[in-house]
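Peer 1: Number 29 in numbering that gives the first Met the number 0 belongs to position 30 of the sequence shown; there are no gaps in the numbering. There's a structure below that I have some questions on.
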Amino acid sequence: MRWQGTDRFYAEVQTIARGGTGSADAGTVAIDLAAVIERSRTRREVILWRGVRSAVRTFGGSAALSSTEAGIRTVRFEGFASMSLDRSVAEREFTVPWGEGGPALLRIAVPRGARAFRIGAVGRRDLEYQQEVVMLDPVVRLRDVGRTDGVRVIQSEVVI
């Protein structure tokens, strides 16, 4: 399945998932990926990591995102949301370059039974190290904000 890559084809697939237009190839991948996510469920709770380059762009408003604010906020990631089973991958590859408000790492608890698909065997072999898991339109509750090793970490959970 052509989803992963460095040619930014995934951005075209994402545009279609969000209701936009794109090539027939991107449309086919969007349909296929949505279908496989719909059929896939987590067998147990898993922890996933998602890096964001710009806290302001991702969460809007205040870049500070206080613990009080986090405790009552939910965020819907529109379209396909890629995450990693490996914190270091999310931090190293998806928090730079920094955007407005600086980067953040989401530590996302995904409950048993959530719709999620690990790209693994259908992805590119050279990108397997990313341990990519994709969800469609997940709603994430932000629970708490802290810092670990100088990086802002947002404790969160998928709402199903």
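By construction, the Cβ of each residue, glycine as well, lies at the ideal position given by its N, Cα and C atoms. Please read all numbers here as calculations on a predicted model, not as lab measurements.
Leaving out five residues on either side along the sequence, give the residues of the same chain with a beta carbon under 8 Å from the beta carbon of R42.
Peer 2: Here the set comprises R111.
Peer 1: Based on the DSSP output, what are the partners of E156 in its beta bridges?
Peer 2: Beta-bridge pairing links E156 to A108, R140.
Peer 1: I need the straight-line Cα distance from R114 to Q3, nearest angstrom please.
Peer 2: Their backbone Cα atoms lie some 19 Å apart in a straight line.
Peer 1: Looking only at its own chain, which residues have a Cβ that is under 7 Å from the Cβ of V35, when we skip the five neighbours before and after it?
Peer 2: So the qualifying residues of the chain are F116.
Peer 1: Is DSSP giving T14 helix, strand or coil here?
Peer 2: Looking at T14 - three-state DSSP - the assignment turns out to be helix.
Peer 1: Quick check on R56: buried or exposed, where buried means 16 or more other Cβ atoms within 10 Å of its Cβ?
Peer 2: Its Cβ having fewer than 16 others within 10 Å, R56 is exposed.
Peer 1: What's the C-alpha gap between E131 and R49?
Peer 2: Distance between the alpha carbons of E131 and R49: 10 Å.
Peer 1: Give a yes or no on whether the C-beta atoms belonging to R86 and L141 are separated by under 7 Å.
Peer 2: No. Outside cutoff.
Peer 1: Helix, strand or coil for V95? Go by DSSP, reduced to three states.
Peer 2: Correct three-state label for V95: coil.
Peer 1: State buried or exposed for T147, treating a residue as buried only when at least 16 other CB atoms are found within 10 Å of its CB.
Peer 2: Result: exposed.
Peer 1: How many angstroms separate the CA atom of R7 from the CA atom of G78?
Peer 2: Straight-line Cα distance between these residues: approximately 15 Å.
Peer 1: Nearest to G98 by alpha carbon, out of F58, V121, S22, I159?
Peer 2: Measuring from the Cα of G98, the nearest candidate turns out to be F58.
Peer 1: Which same chain residues end up closer than 7 Å to I118 when comparing Cβ atoms and leaving out the 5 residues on each side of it in sequence?
Peer 2: For I118, where only same-chain residues beyond five positions count, the Cβ hits under 7 Å are W2, Q3, E131, V133.
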